[in-house]
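In this note's numbering, the protein residues as written are 308 to 690.
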Amino acid sequence: MRLALALLTLPLLHAQDARLNTLLKDILIFDAHIDTPRYFLDEGYKLDEPHSYYELDLPRLRQGHAGAVLFGIYAQPQDFQPFEWLPRSLEVLDALHQEVQRNAAQIEFAYSAGDIARIRNSGKIAALASLEGGHLFAGSQRVLRNFYRLGIRYVTLAHFRNSAYADSMTDERKHGGLSPHGRDLIREMNRMGMMVDVSHISDEAVLDAVRTSASPVIASHSSVKAIAPIPRNMPDEIIRAVASKGGVICINFHAGYLNEAAYNVYIGNRPKRDAEIKAAGKNWEQVRRIQRRYFDLMPPVNVKELLRHIDHVAKLAGPDHVALGSDFDGISGMVPRGMEDVSKYPVLVKGLMDMGYNDAGIRKIMGTNLVRVMRENERRAAQ
Ligand SMILES: [Zn+2]
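Pasting the structure below:
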């Protein structure tokens, strides 16, 4: 019946639709940065249930043909006391492991590039983990090695504030790039095969990291400053430096990072918004309502603008050096129109087709570039 239907409708499909469907059958869609795990812990958010809020659950991952997700584990230095950073990270990571285990028929934890391929071949989605911010492992490489054992496959050297390892791009200049501890840390990460993430750190720190790291580095969720000149984005020369070492820039989907006008409205309202959110406490529904109200004040940003950022890096550094780092569930619902959640990844595949990308280029951008960098980090660690 299914086959008969397919045969009947096939000739009617536009050639581009047929090409899209063929690609979607086996393309690896791999997102480098999604922040859902804290919701598992704080709100009892269930991975297997369909939701009308937040940006990821298993039904929507399936709908979006997602193959692998690198989940972010974090405790923002400005939101938690220093003594809470380590236990909080371990608790969020445990919540991720528990949710993955509870849905073992659909999703499985991956510890290597080889695992991703094996898990996908078994028809499941691969889940991986990352740690956002060098403040989280208490300055101890022993703690970091334990995080590696628990599945952490990249570490962002600093978050919104400077860490002992690196200057943040959103804090004052302190180390002038990386500290000597930061360089030591990178050598240890290289030794383990844990990827170095240069999102959030200052331009000087990125250049230091690229110089220090023997393996290619990633920017797990960063967009393009030449298009949207806002503090969190990367200038062209920094993008080129990451690419020159074989690394990838994974484009952030935050509407305010894609478009400067949207950013200005977001930043202008932020103190008021954050105060309201703080007052709402653990009333998550209320928090979401506040986020939605402030999001609606921002000028709409279309998914085409996201495609422009991807295209800019592909043109500047080559299609081997761009990937996806949506930051879904870490951007307070500030998503582009047409790219509201993980079910929409095929829109990007279609968009890249329409922009003239060939299948090989699209496959790289949507996932295999990131796998290549992961594999290269593993290979060098094994040497
Ligand atoms: Zn971030």
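C-beta: ideal position from N, C-alpha, C; glycine also.
Reduced DSSP secondary structure (H/G/I, E/B, other) of residue i
{"i": "MET681", "result": "helix"}
{"i": "THR463", "result": "strand"}
{"i": "ASP504", "result": "strand"}
{"i": "ASN410", "result": "coil"}
{"i": "VAL610", "result": "helix"}
{"i": "MET646", "result": "coil"}
{"i": "ILE537", "result": "coil"}
{"i": "GLU391", "result": "helix"}
{"i": "ILE638", "result": "coil"}
{"i": "ILE334", "result": "coil"}
{"i": "VAL654", "result": "helix"}
{"i": "VAL399", "result": "helix"}
{"i": "ALA473", "result": "strand"}
{"i": "GLU511", "result": "helix"}
Residue i vs residue j beta-carbon contact at 8 Å
{"i": "GLN385", "j": "PHE444", "result": "no"}
{"i": "ALA471", "j": "LEU485", "result": "no"}
{"i": "VAL549", "j": "ALA526", "result": "yes"}
{"i": "ILE546", "j": "ALA624", "result": "yes"}
{"i": "ILE537", "j": "VAL620", "result": "no"}
{"i": "TYR360", "j": "ARG682", "result": "no"}
{"i": "TRP392", "j": "HIS442", "result": "yes"}
{"i": "VAL680", "j": "GLY575", "result": "no"}
{"i": "GLY483", "j": "THR463", "result": "no"}
{"i": "LEU403", "j": "PHE347", "result": "yes"}
{"i": "VAL656", "j": "MET673", "result": "yes"}
{"i": "TYR573", "j": "GLY588", "result": "no"}
{"i": "SER570", "j": "ALA535", "result": "The question names Ser, yet the displayed sequence has Tyr at residue 570. Closer than 8 Å, so yes."}
{"i": "LYS431", "j": "GLN413", "result": "yes"}
{"i": "ARG615", "j": "ILE597", "result": "no"}
{"i": "GLY371", "j": "PRO653", "result": "yes"}
Residue i, enclosing beta strand (DSSP E) - first and last residue
{"i": "LEU377", "result": "375 to 380"}
{"i": "LEU438", "result": "432 to 439"}
{"i": "ILE341", "result": "337 to 341"}
{"i": "LEU492", "result": "Run containing LEU492: none in the beta strand (DSSP E); it sits in the alpha helix (DSSP H), 487 to 499."}
{"i": "ILE558", "result": "555 to 558"}
Separation of residue j from residue i, as counted between CA atoms
{"i": "SER529", "j": "GLU511", "result": "16 Å"}
{"i": "ILE364", "j": "GLN593", "result": "Per the sequence shown, residue 364 should be read as Asp rather than Ile. Near 21 Å, if we compare the C-alpha coordinates of GLN593 and ASP364."}
{"i": "ASP603", "j": "PRO394", "result": "35 Å"}
{"i": "ILE617", "j": "MET541", "result": "13 Å"}
{"i": "ARG345", "j": "ALA382", "result": "9 Å"}
{"i": "TRP591", "j": "ARG686", "result": "43 Å"}
{"i": "ASN428", "j": "ASN684", "result": "23 Å"}
{"i": "VAL407", "j": "GLY658", "result": "31 Å"}
{"i": "VAL629", "j": "ASP543", "result": "13 Å"}
{"i": "ASP661", "j": "THR675", "result": "20 Å"}
{"i": "MET499", "j": "ALA688", "result": "6 Å"}
{"i": "ALA417", "j": "GLN448", "result": "22 Å"}
{"i": "LEU400", "j": "MET501", "result": "16 Å"}
{"i": "LYS353", "j": "GLU415", "result": "15 Å"}
{"i": "ALA411", "j": "GLU479", "result": "44 Å"}
{"i": "MET424", "j": "GLY374", "result": "Reading the sequence as shown, one finds Ala at residue 424 and not Met. Answer to the nearest angstrom: the Cα atoms are 9 Å apart."}
{"i": "SER551", "j": "GLU583", "result": "44 Å"}
{"i": "LEU330", "j": "ILE426", "result": "19 Å"}
{"i": "ASP419", "j": "GLY351", "result": "Sequence check: residue 419 is Ser here, not Asp. So the two alpha carbons sit approximately 28 Å from each other."}
Residue range of the unbroken alpha helix (DSSP H) whose run includes residue i
{"i": "ILE423", "result": "420 to 428"}
{"i": "ILE545", "result": "543 to 551"}
{"i": "ALA630", "result": "From DSSP, ALA630 is part of no alpha helix (DSSP H) but of the beta strand (DSSP E) over 629 to 631."}
{"i": "VAL572", "result": "567 to 587"}
{"i": "ILE669", "result": "666 to 670"}
{"i": "THR601", "result": "The question names Thr, but residue 601 in the sequence shown is Tyr. First-last of the alpha helix (DSSP H) with TYR601: 591 to 604."}
{"i": "VAL524", "result": "Per DSSP, VAL524 belongs to no alpha helix (DSSP H) and is neither H nor E."}
{"i": "GLU350", "result": "344 to 350"}
{"i": "TYR455", "result": "448 to 456"}
{"i": "LEU365", "result": "365 to 370"}
Notebook entry, point to check: Does the stretch 632 to 639 come close enough to the stretch 336 to 347 to have 3 or more Cβ pairs within less than 8 Å?
Noted result: Because the criterion of three Cβ pairs below 8 Å is met, the stretch 632 to 639 and the stretch 336 to 347 touch.
Item checked: the stretch 417 to 436 contacting the stretch 367 to 385, beta-carbon criterion three pairs below 8 Å -> The stretch 417 to 436 is in contact with the stretch 367 to 385.
Checklist line | the stretch 504 to 517 touching the stretch 480 to 496, judged by at least three CB pairs closer than 8 Å | finding: Verdict: yes, contact present.
Notebook entry, point to check: Three or more C-beta pairs closer than 8 Å, one from the stretch 601 to 612 and one from the stretch 643 to 657: is that the case here?
Noted result: Touching, yes.
Notebook entry, point to check: For the 8 Å Cβ check, are there 3 or more pairs between the stretch 329 to 336 and the stretch 666 to 673?
Noted result: Touching, per the Cβ criterion.
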